[in-house]
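Chemist: Attaching a single structure in structure tokens format; questions to follow.
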Amino acid sequence: MTPAAPPRPAPRVGSLPRGQRDAITDVPGVTVGHCTLAEGDVQTGVTVVRPHGSDPYRDRVPAAGVVLNGFGKSVGLMQVEELGVLETPIALTNTFAVPAVAAAQIRAAIAANPEIGRALPTLNPLVFECNDGYLNDLQRMAVEASHYHDALDAAGAAVAEGSVGAGRGMSSFGLKGGIGTASRRVRTRAQGRFTLGSLVLSNFGKPSQIRVCGAPLAAQLRVAGGEPESVAEPPEKGSIIMILATDAPLDARQLRRLALRAGAGLARTGSVFGHGSGDITLAFSTAYTVPQV
20 MTPAAPPRPA PRVGSLPRGQ RDAITDVPGV TVGHCTLAEG DVQTGVTVVR
70 PHGSDPYRDR VPAAGVVLNG FGKSVGLMQV EELGVLETPI ALTNTFAVPA
120 VAAAQIRAAI AANPEIGRAL PTLNPLVFEC NDGYLNDLQR MAVEASHYHD
170 ALDAAGAAVA EGSVGAGRGM SSFGLKGGIG TASRRVRTRA QGRFTLGSLV
220 LSNFGKPSQI RVCGAPLAAQ LRVAGGEPES VAEPPEKGSI IMILATDAPL
270 DARQLRRLAL RAGAGLARTG SVFGHGSGDI TLAFSTAYTV PQV
């Protein structure tokens, strides 16, 4: 179990009020867990986002995904697009660990529902990935089913950020990347107040592109790091997975519209949705569940 990170200073972004934790877990019922592997050339892990504490196969939540740039190897997104529901927790890991984590999700669901694939419908595992090969030896294929279960068991309201779980080996803008989270409270005229939370697995961007609150920072970073302006940058490659959760009663169509707008926020960080970057958003609502049929 990864301990929760201490409160961290953060720039003020936007005008909406933050949630109590400034985390995706400010959306009622949502929990997050990590399992971190950090030994020698193995620097990786698994992160799990649970939409609620019940069986997600039996009590599915509405969801939708958007692919901003499709250089990725995720599993399960096609059926989410078709049916508009989640059937498992959302798992994040490295590129070569997707099959192991998907198999762990399937076996966990079968253990809870022994007739899956027989008298009951099959299961749609949902696993997102980023390539952490810069810091992690992908060929070790170190992530196993037990690590998914450890992350699932560790899920709670406090969210550790940075080099934890799936974020352990990630890099962004030539700096250390990883897990980040935030939340905002939104008031509507008709239905009152709701919470929108986000969690990202960040592994994208070139140093020259970085922006904070829309302001470019590349020149300041070069001065601080003593790096000459003439240093050639490699082509952009990497990925970012963006998970959005809300307690607003949105259906799959509305959630897709919400997910699409994450791209506007991503652009404000300096992203140009590079050729080698898998930029994907998944949005879900906890306002209601859809029973398995």
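Okay, so the sequence shown: first residue is 20 according to this note's numbering, each after it adds one. Using N, Cα and C, we set each Cβ at its ideal position, and we do this for glycine too.
When burial is assigned at 16 or more other CB atoms within 10 Å of the CB, is Glu-101 buried or exposed?
Modeler: The residue in question, Glu-101, is exposed, as its Cβ has fewer than 16 Cβ neighbours within 10 Å.
Chemist: Which stretch, first to last residue, makes up the beta strand (DSSP E) that contains His-313?
Modeler: The requested residue 313 does not occur in the structure, where the chain is confined to residues 20 to 312.
Chemist: Of the choices Asp-45, Thr-63, Ala-174 and Val-162, whose alpha-carbon is the least far from that of Gly-52?
Modeler: Ala-174
Chemist: Provide the residue span of the alpha helix (DSSP H) that contains Pro-236, from first to last.
Modeler: Checking the sequence, you will find Leu at residue 236 rather than Pro. Taken as a continuous stretch (DSSP letters only), Leu-236 belongs to no alpha helix (DSSP H), as it is neither H nor E.
Chemist: Which residue marks the beginning of the alpha helix (DSSP H) containing Gly-284, and which one marks its end?
Modeler: 271-287
Chemist: At a cut of 8 Å, does the region 53-73 reach the region 83-91 through at least three beta carbon pairs?
Modeler: Too few Cβ pairs lie closer than 8 Å, so no.
Chemist: Does Pro-247 pass the burial test, meaning 16 or more other C-beta atoms within 10 Å, or should it be called exposed?
Modeler: With a pLDDT of 47 at Pro-247, under the threshold of 50, the modelled position of that residue is not reliable, and the figure given next carries that caveat. Burial call: exposed.
Chemist: Apply the 10 Å Cβ neighbour rule to Ser-249 and answer buried if 16 or more other Cβ atoms are within range, or exposed otherwise.
Modeler: The predicted position of Ser-249 is uncertain, since its pLDDT is 46 and thus under 50; no value can be drawn from it.
Chemist: Would you check if there are 3 or more beta carbon pairs closer than 8 Å linking the region 113-122 to the region 259-275?
Modeler: no
Chemist: Rounding to the nearest angstrom, what Cα-Cα distance links Ile-129 and Ile-135 in this structure?
Modeler: The straight-line gap from Cα to Cα measures roughly 6 Å.
Chemist: Determine the DSSP secondary structure at Met-261, reduced to helix, strand or coil.
Modeler: strand
Chemist: What span of residues does the alpha helix (DSSP H) with Asp-172 cover, start to end?
Modeler: 164-172
Chemist: Determine whether the beta carbon atoms of Ala-164 and Ala-119 lie at a separation below 8 Å.
Modeler: yes
Chemist: Alpha carbon to alpha carbon, what distance is there between Leu-139 and Arg-31?
Modeler: Each residue's Cα considered, the two are about 48 Å apart.
Chemist: Suppose you measure from the CA of Gly-181 to the CA of Lys-225; what does that come to, to the nearest Å?
Modeler: 18 Å
Chemist: Take the Cβ of Gly-33 as the centre, count every other Cβ of all protein chains shown within 10 Å, and call the residue buried at 16 or more, exposed below.
Modeler: exposed
Chemist: Quick check on the DSSP output: what are the complete beta strand (DSSP E) runs of length 3 or more inside the region 47-131, in order along the chain?
Modeler: 50-58, 61-69, 78-89 and 109-113
Chemist: According to the neighbour-count rule (16 or more other Cβ atoms, all chains shown, within 10 Å of its Cβ), is Thr-141 buried or exposed?
Modeler: exposed
Chemist: State the beta-bridge partners of Lys-195 as determined by DSSP.
Modeler: Ser-190
Chemist: Check Pro-247 in the structure and name its three-state DSSP category.
Modeler: Residue confidence is low: Pro-247 scores 47 on pLDDT, short of 50, so the model does not pin down where it sits. Its coordinate-derived value is still stated next. For Pro-247, the secondary structure class from DSSP, reduced to helix, strand or coil, is coil.
Chemist: Between Val-205 and Asp-151, what straight-line distance do the alpha-carbon atoms span, to the nearest angstrom?
Modeler: 35 Å
Chemist: Considering only the alpha carbon of each residue, which of Lys-92, Gly-38 and Leu-236 lies closest to Gly-295?
Modeler: Lys-92
Chemist: Would DSSP call Thr-44 helix, strand or coil?
Modeler: helix
Chemist: Sorted by chain position, which residues of the same chain lie with C-beta nearer than 6 Å to Leu-313's C-beta, five sequence neighbours on each side aside?
Modeler: Given a span of 20 to 312 for the chain in the structure shown, any question on residue 313 remains unanswerable.
Chemist: Are the beta-carbon atoms of Val-99 and Thr-305 separated by less than 8 Å?
Modeler: no
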